[in-house]
Each structure stands twice: as C-alpha cells, then as structure tokens.
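Engineer:
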C-alpha cells in the first residue's frame, strides 16, 4: 500500500537525500532510510465529496492494516543464531579457507548442538514444552508462578508434556504474530526469548553471541586452517567478519523486540580467553572426539607458526634455527601436546598463537639476553661493523627497537582512533517495548541530525575505506627509510667469534618459576613489571599487540615455556617472596 501512495512523490529527503518514502499511522510521509517525518500527508480521494477529486487529509490512526511482512512471524532464537553463523561462515569462506568449512564441519557442529540442546533434530524438542507452559500460564493468575513452574520442570515432566502440544489454546497462540499482545510476545519478539536466562546456561548451554565465534574457531581448528583464534578476533574487530550489530541483517520477518535485543546486541569484543573457554565447554557438551593431529607439516605447529611472527616482528631469519632447538628441547612440538582432545583430562590448551609467541620471546632472551645492558652494548659493535658495509648487514638491536617502537606507537594510535569512531549503535532503531517505540524513533532521528550538523561544522574528514583482510599488521620494505626490513640481517655480532651457532650470551635470567594454581594468573606481571628490564617489557607489549591479547597472559605463557626449558624449580627468599635470578644454560641449544 505504501508503494502505491508514495509512487508519485519523488522528492529526495532533506536529511539523507534518499527517495524511499513510507507512510506513518497518522498518514504522514517519512523516510525509510533516516526516519525523517515531513509535513506532506497522504492524499485520499472520495466519491462523496461535493467537489470532484477533492483532497482530504487522513489523520486518524489504525486506518492502514499491517501487512504480514510487517507483523513478522513466529521464530526461535536458534534461527537468529543460525542466520548469524551463516553470515560469519560466508565471511570466513571468503578469506580462502577450505570449502568444507561451512557446509560440512560448521554445519555438523551446529546440528549436533541443536540436537544435544533439544532445539532441533529430535523427537522431543523443548519448543513443544514451551507451548504447554504458555497454556498453563494463561490459566494462572501471576507470571511468577509460571516462571517457577518452568525452572522446576524435570526431564520426566518435559517428556510427559509432549501429548498436549496440539491443545487448542496453544495452537491459537501459535497462529498469532510475535508482535501482537498475546502472552508469547509481551517480553520478546521470539517465542523462546523470555526463557533465555543466564541461570540456565550451565544446564542447557544457551547460545550467545561469543559462542558463534567459538563455533567458527572450533571448525577452523578441526580443519587445521592457518587462521588462529587471535587472528579471527582481529578480523572481527576490523569488521571483516560480522559480529557487532549483525542483527541488522536479519530478514524482515524476524522482528527483534524486547528481550531479544539484549541477547543479540553486544557492546564489546570478546577476548581470546573467553572464546577458548566457550570452545572447551561446547566441545565437551557435544562429546566431540579427538581433533585431527597437529603434525610438523601443519601451519599451527610452532615451527611454522613462529616463522609468521618472526616476519611480523621484523626479526632476522636466522633466529628460526634457534627456535627449532627450543621447540625440540621443551617438547612443545610433539603431537600429544598440540592435538586438542575434548575428552582428555586435563584438557590441552589450544592457544597455539600464544605458545608460538612465547617461544619467540624465550629465544630472543637466549640470544639478546634482554637485560637492558647486553643487547645495547653489542648494538654498538654491530653499528661500527655496518659502517664499513662489508658483506651481509649485521643486526642492530638499537635500530630495530627504534623502528618497531615508532611502528607500534603509530599502530596503537590508529587502534584508539578506530575504537573512538566505532559505531556501537545500529542504524536501525530497536525497541524494548511498544511504549518506547515513538521515543526511540525521535531520539534516533535527533541523533542523526546532530551528527550531520556536527560534521558540517567541524568539516571532519570522511573515514578511509576499509582495507582488505591481511594476515600481517605490519609491512616492511628493505628500501624504505621509515620501515626498513631486518629479515636478511645476520646475527654474527651475537655469536662467538668463529662459531656457527654458539651464542655469545651464556647467561639467562628469569623470574621465579613457581607454578601458580590458576591456569593463567595475571597478577604476576603486575607485581614483577617494575623490576623487569624495559627491553623485555617492550617485546612483551609488541607481541601482545600483534596477538590482541593481554600482556599478562603472554607473560604467563613465557613462564610456562621457561619452566619446560630450564627443568628447574625457582628458588625463593627466606620470606617466601619471588626474586629474579640468573642461570647458566648448557652452551648452544
């Protein structure tokens, strides 16, 4: 009906310059793009008028009957999450992963979840029980009694209630629209939105937005793809994988309303730790078997993954030979310690990227010592040798530090600007109740007008177009003065004279290696940071920025790698406090 009434009016909107007009319940024209209401009203012709083709203005409410598309249809939360998973899978598929990722692996995991949670692929789904509860609630006087009834239902009661699923009141409620005034849509647009409570998360594994990324990461791990968890979350932050305000892409018949907005709306990005915990819980809930083995030829193996981080951190290629020795000595490259097994006790961590970064940091401590003295003194020798320009250029730690410090500071500024400009609010207004609908639309329209006026006054530069996804955040060029490349530089200044692999550094410092009861205790770095060398802190911050993880988490993984490398308990002072110490290693790993 709106298309027929607005077909002849082709004036662009004064706010957004779009020509997409609709008609409100009061008969006024409004822009579908920015919800700007204008003074023009709907023209109605009547045959009973005294004058032919006389125009009158319709101002009464409720004259226009809502179409079936505007009313929406009855839908469940699993349908919304399935639509989000499809969008995320399409985005990941576009990055060049295996064709089996979406239709075979991710789809099978999702079907297994629906079956285990009794939301689908089962003879006794939970949604049938919800209809029974709606019938019982309609006969009771208060909502609190019905909620207690739902929370106290046992498995036997759920099975006994299947015979009542075709009862009269339930079928009547099912035929109504989710946006009508019946009981099922008082609190949400979906049927089961009001039953989606955090108290039932442990028993029913209720779906959430972070769990969609956990499903994607788990599917990538099954295929042993090169996209690690930290890289996946970085693509989410950069907008290459839909996550924030993804419900804007819902089909028109899936009306988001009430409590649904709190389920699908997110105002922050998840951390690697939280996604890992979700993966552990989902894998255990689905009773998944042992994942495919991580062999030496797999891209997730430390020997291969460390090459990527050496290139990203602009470090010499010769360091990889020492990394290979560290991986072999610590046993971190064995298949038993890398392959994920959900049924194993204790469960093997799957933070391959953090493990690889910790191996690189430990290797850098072995070569450069990173005590704020050794690396700087040898940088002077390397600088004097490079002046003669004889043969391969010697790696200069001081020059590398200045280059990386400038690049890291610039990257941090860019991240802060992107976070400040990030649009957490969706363009399409959402409503928590029918009473606040008009208020939300007016506020949204006012905010859009203020933003446009502010841009005109400040003359703000439009945002640069989104860059294509890349596995590397830093790029280096040998001919560039601002971003010189150190990949081909030699480590000769840090080796004994005439030796092939014997390091000039014979000492290795580390903090107390007493194992904490917690898996990753973040309090260690906070207590030890004032006493740690600045070179080590800088490298820790560099790799934590590259992986988008907390530096305390990476520091704890470095502790674990050192514990495996040194095979010795850390001594403590008589008072029991940790202290820093120096150990001498076996010459040349």
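Residue numbers (the working numbering): -8 to 580. Just so you know, even glycine gets a beta-carbon here, dropped at the ideal spot from N, CA and C.
Please look up how many angstroms separate the CB atoms of residue 208 and residue 266, rounded, as I've assumed it's under 8 Å.
Structural biologist: Sequence index remark: in the chain shown, residue 208 carries index 217 (1-based). Sequence index remark: in the chain shown, residue 266 carries index 275 (1-based). The pair is a contact, with the Cβ atoms about 6 Å apart (cut-off 8 Å).
Engineer: Taking DSSP as the reference, what is the three-state secondary structure of residue 2?
Structural biologist: Taking the first residue of the chain shown as 1, we reach residue 2 at position 11. Coil at residue 2, not helix or strand.
Engineer: I'd like the span of the beta strand (DSSP E) that includes residue 345, first residue to last.
Structural biologist: In the chain shown, counting from the first residue as 1, residue 345 sits at position 354. It is not in any beta strand (DSSP E) - residue 345 instead sits in the alpha helix (DSSP H) that spans 343 to 359.
Engineer: DSSP on residue 540, reduced to helix/strand/coil?
Structural biologist: Reading the chain shown from its first residue, position 549 is the one you call residue 540. Looking at residue 540 - three-state DSSP - the assignment turns out to be coil, as it is neither helix nor strand.
Engineer: Can you tell me which of the three DSSP states residue 578 falls into?
Structural biologist: To locate residue 578, count along the chain shown from 1; it is residue 587. Unreliable placement is indicated for residue 578, whose pLDDT of 38 sits below 50; the coordinate value is still reported in the next sentence. Of the three classes helix, strand and coil, the one that applies to residue 578 here is coil, per DSSP.
Engineer: Determine the DSSP secondary structure at residue 108, reduced to helix, strand or coil.
Structural biologist: Residue mapping note: residue 108 aligns to position 117 of the chain shown, counting from 1. Three-state result, residue 108: coil.
Engineer: Can you round the beta-carbon distance between residue 224 and residue 261 to whole angstroms, since I take them to be within the 8 Å contact cut?
Structural biologist: Reading the chain shown from its first residue, position 233 is the one you call residue 224. Reading the chain shown from its first residue, position 270 is the one you call residue 261. At roughly 7 Å, the Cβ-Cβ gap stays under 8 Å, so residue 224 and residue 261 are in contact.
Engineer: Which class does residue 31 belong to by DSSP, given the choice of helix, strand or coil?
Structural biologist: Residue numbering aside, residue 31 sits at position 40 when the chain shown is read from its first letter. Residue state, collapsed to three classes: strand.
Engineer: Note down the Cα distance separating residue 164 from residue 220, rounded to an integer number of angstroms.
Structural biologist: For this step, residue 164 is matched to residue 173 along the chain shown. For this step, residue 220 is matched to residue 229 along the chain shown. The pLDDT assigned to residue 164 is 36, lower than 50, so where the model puts this residue is not dependable; a value taken from the coordinates is nonetheless given after this. Computed Cα separation, rounded: 43 Å.
Engineer: How far does the beta strand (DSSP E) with residue 500 in it extend, from its first residue to its last?
Structural biologist: In the chain shown, residue 500 corresponds to position 509, counting from 1. Its beta strand (DSSP E) spans residues 498 to 501.
Engineer: Is it the case that the Cβ atoms of residue 436 and residue 25 are separated by a distance below 8 Å?
Structural biologist: As a first step, residue 436 is located in the chain shown; it is residue number 445 there, counting from the start. As a first step, residue 25 is located in the chain shown; it is residue number 34 there, counting from the start. A contact, by the Cβ cut-off of 8 Å.
Engineer: Under a three-way DSSP split, which group does residue 435 fall into?
Structural biologist: Translated into the one-based positions of the chain shown, residue 435 becomes position 444. Reduced to three states, the DSSP call for residue 435 is helix.
Engineer: Starting from residue 19, trace the beta strand (DSSP E) in both directions and tell me its first and last residue.
Structural biologist: Counting from one through the chain shown, the residue named residue 19 turns up at place 28. Note, residue 19: beta strand (DSSP E), 19 to 22.
Engineer: Can you tell me where the alpha helix (DSSP H) with residue 298 in it begins and where it stops?
Structural biologist: Numbered from 1 along the chain shown, position 307 holds the residue referred to as residue 298. Start and end: 293 to 303.
Engineer: Is residue 560 buried or exposed, if buried means 16 or more other CB atoms sit within 10 Å of its CB?
Structural biologist: Position 569 of the chain shown, counted from the first residue, corresponds to residue 560. Low per-residue confidence applies at residue 560: pLDDT is 41, beneath 50, and the placement is therefore not dependable, though the value from the model is reported in the following sentence. So residue 560 counts as exposed.
Engineer: Helix, strand or coil: how does DSSP classify residue 314 here?
Structural biologist: On the chain shown, residue 314 is found 323 positions in, with the first residue counted as 1. Residue 314: helix per DSSP, three-state reduction.
Engineer: Which of the three DSSP states, helix, strand or coil, is assigned to residue 415?
Structural biologist: Here residue 415 refers to the residue found at position 424 when the chain shown is read from its first residue. The three-state reading of DSSP puts residue 415 in coil, since its state is none of H, G, I, E or B.
Engineer: Per the DSSP calculation, residue 230 is bridged to which residue(s)?
Structural biologist: As a working mapping, residue 230 is identified with position 239 in the chain shown. Paired residues: none, contrary to the question.
Engineer: With distance defined between alpha-carbon atoms, name the residue in 70, 89, 93, 81 nearest to residue 111.
Structural biologist: On the chain shown, position 120 is the one that residue 111 refers to. Checked all of 70, 89, 93, 81; the closest Cα to residue 111 is 70.
Engineer: Measuring alpha carbon to alpha carbon, tell me which residue in 244, 234, 91 is nearest residue 181.
Structural biologist: Indexing the chain shown from 1 puts residue 181 at position 190. Closest option to residue 181, Cα to Cα, is 244.
Engineer: Does residue 370 come out as helix, strand or coil in the three-state DSSP assignment?
Structural biologist: In the chain shown, residue 370 corresponds to position 379, counting from 1. Of the three classes helix, strand and coil, the one that applies to residue 370 here is helix, per DSSP.
Engineer: What residue range is occupied by the uninterrupted alpha helix (DSSP H) comprising residue 273?
Structural biologist: Locating residue 273 in the chain shown gives position 282, where the first residue counts as 1. Its alpha helix (DSSP H) spans residues 263 to 277.
Engineer: Using beta-carbon positions only, say whether residue 366 and residue 481 come within less than 8 Å of one another.
Structural biologist: Along the chain shown, read from residue 1 onward, the residue named residue 366 stands at position 375. Along the chain shown, read from residue 1 onward, the residue named residue 481 stands at position 490. Contact flag unset, no.
Engineer: Which residue wins for smallest C-alpha separation from residue 257, given the options 227, 459, -4, 235?
Structural biologist: Residue 257 sits at position 266 when you count from the first residue of the chain shown. When only C-alpha atoms are compared, the closest one is 235.
Engineer: Opposite residue 71 in the DSSP bridges: which residues?
Structural biologist: Against the chain shown, residue 71 aligns to sequence position 80. Note: residue 71 sits in no beta bridge, so no partner.
Engineer: Can you tell me which residues form a DSSP beta bridge with residue 556?
Structural biologist: Within the chain shown, numbered from 1, the residue matching residue 556 stands at position 565. Beta-bridge pairing links residue 556 to no other residue.
Engineer: For the alpha helix (DSSP H) that contains residue 66, what are its first and last residues?
Structural biologist: Here residue 66 is taken as the residue at index 75 of the chain shown, counted from 1. That residue, residue 66, is in no alpha helix (DSSP H); it is neither H nor E in DSSP.
Engineer: Name the DSSP bridge partner or partners of residue 13?
Structural biologist: Within the chain shown, the letter at position 22 stands for residue 13. DSSP, once it has assigned bridges, lists 21 as partnering residue 13.
Engineer: My output table needs one value for residue 482: the three-state DSSP class, helix, strand or coil.
Structural biologist: Numbered from its first residue, the chain shown carries residue 482 at position 491. Residue 482 falls in the coil class under three-state DSSP.
Engineer: In terms of residue numbering, what span does the alpha helix (DSSP H) encompassing residue 335 cover?
Structural biologist: Translated into the one-based positions of the chain shown, residue 335 becomes position 344. Residue 335 -> no alpha helix (DSSP H), and no H or E assigned at all.
Engineer: Since I believe residue 277 is in contact with residue 104 (beta carbons under 8 Å), could you give me their beta-carbon distance rounded to a whole number of angstroms?
Structural biologist: Position 113 of the chain shown, counted from the first residue, corresponds to residue 104. Position 286 of the chain shown, counted from the first residue, corresponds to residue 277. That belief holds up - the Cβ atoms of residue 104 and residue 277 are roughly 6 Å apart, short of 8 Å.
Engineer: Alpha carbon to alpha carbon, how far is residue 10 from residue 2? Give it in angstroms, no decimals.
Structural biologist: Position 11 of the chain shown, counted from the first residue, corresponds to residue 2. Position 19 of the chain shown, counted from the first residue, corresponds to residue 10. The alpha-carbon atoms of residue 2 and residue 10 are separated by roughly 7 Å.
Engineer: Just to confirm, are residue 395 and residue 533 a CB contact at a threshold of 8 Å?
Structural biologist: Looking up residue 395 in the chain shown gives position 404. Looking up residue 533 in the chain shown gives position 542. Yes, the pair counts as a contact, with Cβ atoms nearer than the cut-off.
Engineer: Find out if the Cβ-Cβ distance for the pair residue 386, residue 465 is shorter than 8 Å.
Structural biologist: Position 395 of the chain shown, counted from the first residue, corresponds to residue 386. Position 474 of the chain shown, counted from the first residue, corresponds to residue 465. Going by C-beta atoms, residue 386 is not nearer than 8 Å to residue 465.
Engineer: If you draw a straight line from the C-alpha of residue 289 to the C-alpha of residue 215, how long is it?
Structural biologist: On the chain shown, residue 289 is found 298 positions in, with the first residue counted as 1. On the chain shown, residue 215 is found 224 positions in, with the first residue counted as 1. Each residue's alpha carbon lies about 7 Å from the other.
Engineer: If you check the beta carbons only, do residue 33 and residue 13 fall under 8 Å apart?
Structural biologist: Within the chain shown, residue 33 is the residue found at index 42, counting from 1. Within the chain shown, residue 13 is the residue found at index 22, counting from 1. The answer is no: Cβ separation not under 8 Å.
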